[in-house]
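In case it helps, the numbering used here puts the sequence shown at residues 6 to 364.
Ideal Cβ placement from N, Cα and C applies to all residues, glycine included.
Being a predicted model, the structure only gives us computed values, none of them experimental.
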Amino acid sequence: MNQLPDLAAAQALALAIVDTLPEPFLVLDADLRLLAGSRCFYEVFDEDPVTAHGRSLFDLAGGGWDSPGLRRLLAGVIEDRSSVDGFEFEREFAHVGKRTLHLNALPLRDESGSSRLVLLAIKDITERRVAEQEKQHLLEHTEELLEQQKTLLREMQHRIANSLQIIASILLLKAGAVTSEETKNELRAAHQRVMSVAAVQSHLQASDGIERIEIGPYLTKLVSGLALSMVDPTQNIEMTVAAGPGDLPSSHAVSIGLIVTELIINAVKHAFPKRRPDANVHVTFEMARADWKLTVSDNGIGRPTNEQPAASSGLGTALVGALAKQLNAQIAEGSPETGEGLAVVVTRATFQSTLPQAA
6 MNQLPDLAAA QALALAIVDT LPEPFLVLDA DLRLLAGSRC FYEVFDEDPV TAHGRSLFDL
66 AGGGWDSPGL RRLLAGVIED RSSVDGFEFE REFAHVGKRT LHLNALPLRD ESGSSRLVLL
126 AIKDITERRV AEQEKQHLLE HTEELLEQQK TLLREMQHRI ANSLQIIASI LLLKAGAVTS
186 EETKNELRAA HQRVMSVAAV QSHLQASDGI ERIEIGPYLT KLVSGLALSM VDPTQNIEMT
246 VAAGPGDLPS SHAVSIGLIV TELIINAVKH AFPKRRPDAN VHVTFEMARA DWKLTVSDNG
306 IGRPTNEQPA ASSGLGTALV GALAKQLNAQ IAEGSPETGE GLAVVVTRAT FQSTLPQAA
């Protein structure tokens, strides 16, 4: 291996290495005077290499380096002979303005262990800090906008709920005032449909901000509310729910709630033309990963053999069909296991039932 011929050659090599470093870099003596600097340092901080040589670091850049924190830091490097990593330093520098710097300092010792030189590596992180601050301001502004949207949404939901109640009351009053039985029934059906939408809207408002909804409690509350608002006390129709564990995206849960509501309206309207003490509408819901099965069954008179299935006609059943399509689900009709009444089954994908079907 070739040996360096003398100390002068070694110093020249060291200075050449310092000069070509891609980041600002300084070599300081024990009094923190500038002995050498990288070309990048002189360019970034607009210093003349000749006039800067031998000057105290704290006199450079219009005194921009002169701060109590940096003085303590470099004094510790020299006196304690310890290195420093990651010191963040923000100052106003002549010619270049306010900068945020990341400093690493390392002492070089002689044979006696005394610190003779200090190596100071400098990284300009101003743009990174500015970007982080802008990002933080943007996040705060976004959160403020989201909170405003939530407030507006809550106000809108409140007004929608009030409007639905007013519409439902008007329909009920009109139903009591007309003499035509056909018109009376249509107004009552419209009232039930408005109340069903109000019930689903109420549950949607209660779950505001929740991305996924536990389906069991959701359906239980929904059906309980429908029973109170739709069933004439003289009809004595019991409504029950059996739901396995699981949760769904809130948008899917709302669609399923509307399907359940429409099917219950249909059952209350058609399944029990005559009062019976054991009248029952039963809702079951089961899940297996992304698959699920919804069944709304009753123990009423069933569907006459010459009548078309519910999914083919009527406003309510058309709505059920459209909602099922949105959920990638299929609709089928049949008889409950008891053999009486009607069961409407809405299934997403292939599903094997584990709950008993009751009506």
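message = So, at 6 Å on beta carbons, what are the nonlocal neighbours of E95 in its own chain, with the 5 sequence-adjacent residues on each side left out?
response = Looking up residue 95 in the sequence shown gives position 90. Result list for E95: T105, in chain order.
query = Using 8 Å as the Cβ pair cut-off and three pairs as the minimum, do the stretch 151–167 and the stretch 220–235 touch?
reply = no
ask   = At what residue ranges does the stretch 263–340 contain a whole run of the alpha helix (DSSP H), taking only runs of 4 or more?
value = 320–331
request  = Decide yes or no for the touch test of the stretch 245–255 against the stretch 284–295: beta carbon pairs closer than 8 Å, at least 3 of them.
outcome  = yes
ask   = Within this structure, are the beta carbons of E267 and V325 separated by less than 7 Å?
value = Within the sequence shown, residue 267 is the residue found at index 262, counting from 1. Within the sequence shown, residue 325 is the residue found at index 320, counting from 1. Yes. Within cutoff.
request  = Ignore the nearest five residues each way along the sequence and tell me which others in A337's own chain have a CB closer than 6 Å to its CB.
outcome  = For the purposes of this step, residue 337 is taken as residue 332 along the sequence shown, with counting starting at 1. Counting only Cβ-Cβ distances below 6 Å, and skipping sequence neighbours, we find V350.
request  = Please go through the same chain and pick out, in chain order, the residues whose beta-carbon is closer than 8 Å to the beta-carbon of E216, but skip the five residues on each side of it.
outcome  = Working through the sequence shown from its first residue, we reach residue 216 at position 211. The residues are P254, S255.
message = Once DSSP output is grouped into helix, strand and coil, what is the label at H100?
response = As a working mapping, residue 100 is identified with position 95 in the sequence shown. H100: coil per DSSP, three-state reduction.
task = Per DSSP, which residues does I127 bridge with? Please list them.
result = As a first step, residue 127 is located in the sequence shown; it is residue number 122 there, counting from the start. Note: I127 sits in a beta bridge opposite L108.
message = Taking 7 Å as the limit between beta carbons, can you name the residues of its chain near A99, skipping five residues before and five after?
response = For this step, residue 99 is matched to residue 94 along the sequence shown. For A99, where only same-chain residues beyond five positions count, the Cβ hits under 7 Å are A66, G67, G69.
request  = Taking the CB atoms as reference points, tell me whether V136 and N109 lie closer together than 7 Å.
outcome  = Translated into the one-based positions of the sequence shown, residue 136 becomes position 131. Translated into the one-based positions of the sequence shown, residue 109 becomes position 104. The displayed chain sequence assigns Ala, not Val, to residue 136. Going by C-beta atoms, A136 is not nearer than 7 Å to N109.
query = Per DSSP, V349 forms a beta bridge with which residues?
reply = As a working note, residue 349 is residue 344 in the sequence shown. Answer is V301, E338, bridged to V349.
key: Given P112 as reference, the closest of K189, E152, L31 once Cα atoms are compared   = Position 107 of the sequence shown, counted from the start, is the residue given in the question as residue 112. If you compare the alpha carbons of K189, E152, L31 with that of P112, the shortest gap goes to L31.
query = What did DSSP end up calling F94 once you bin it into helix, strand or coil?
reply = Within the sequence shown, the letter at position 89 stands for residue 94. The answer is strand: DSSP assigns F94 an E or B state.
Cut-off 6 Å between Cβ atoms - residues of its own chain near A354, not counting five sequence neighbours on either side = Counting from one through the sequence shown, the residue named residue 354 turns up at place 349. Here the set comprises D296.
query = For S43, does the three-state DSSP call read helix, strand or coil?
reply = Residue mapping note: residue 43 aligns to position 38 of the sequence shown, counting from 1. S43 falls in the coil class under three-state DSSP.
query = For D85, does the three-state DSSP call read helix, strand or coil?
reply = Along the sequence shown, read from residue 1 onward, the residue named residue 85 stands at position 80. Here D85 sits in helix by DSSP.
For P254, the first and last residue of its enclosing beta strand (DSSP E) = Start at 1 with the first residue of the sequence shown, and residue 254 comes out as number 249. Segment 252–254, the beta strand (DSSP E) holding P254.
message = Determine whether the beta carbon atoms of L78 and F63 lie at a separation below 7 Å.
response = Residue 78 sits at position 73 when you count from the first residue of the sequence shown. Residue 63 sits at position 58 when you count from the first residue of the sequence shown. No, Cβ-Cβ distance for L78 and F63 is not below 7 Å.
task = Could you name the residues that DSSP lists as bridge partners for D34?
result = Here residue 34 refers to the residue found at position 29 when the sequence shown is read from its first residue. DSSP, once it has assigned bridges, lists L122 as partnering D34.
ask   = So which of I172, M161, S43, N241 has the shortest CA-CA distance to A19?
value = On the sequence shown, residue 19 is found 14 positions in, with the first residue counted as 1. Nearest option by C-alpha distance: S43.
message = Nearest by alpha-carbon distance to D36: which of S72, R121, E97 is it?
response = Taking the first residue of the sequence shown as position 1, residue 36 is located at position 31. Residue R121 is the option with its Cα nearest to D36.
key: N- and C-terminal bounds of the beta strand (DSSP E) containing V55   = Walking along the sequence shown from the start, residue 55 turns up at place 50. Looking at the DSSP string, V55 is not in any beta strand (DSSP E); the run it does join, the alpha helix (DSSP H), is 54–57.
message = Give me, in chain order, the residues of the same chain whose beta-carbon lies closer than 6 Å to that of V183; leave out the 5 immediate sequence neighbours on both sides.
response = As a working note, residue 183 is residue 178 in the sequence shown. So the qualifying residues of the chain are K189.
Given I172 as reference, the closest of Q141, Q197, M161 once Cα atoms are compared = Numbered from 1 along the sequence shown, position 167 holds the residue referred to as residue 172. Nearest C-alpha to I172: Q197.
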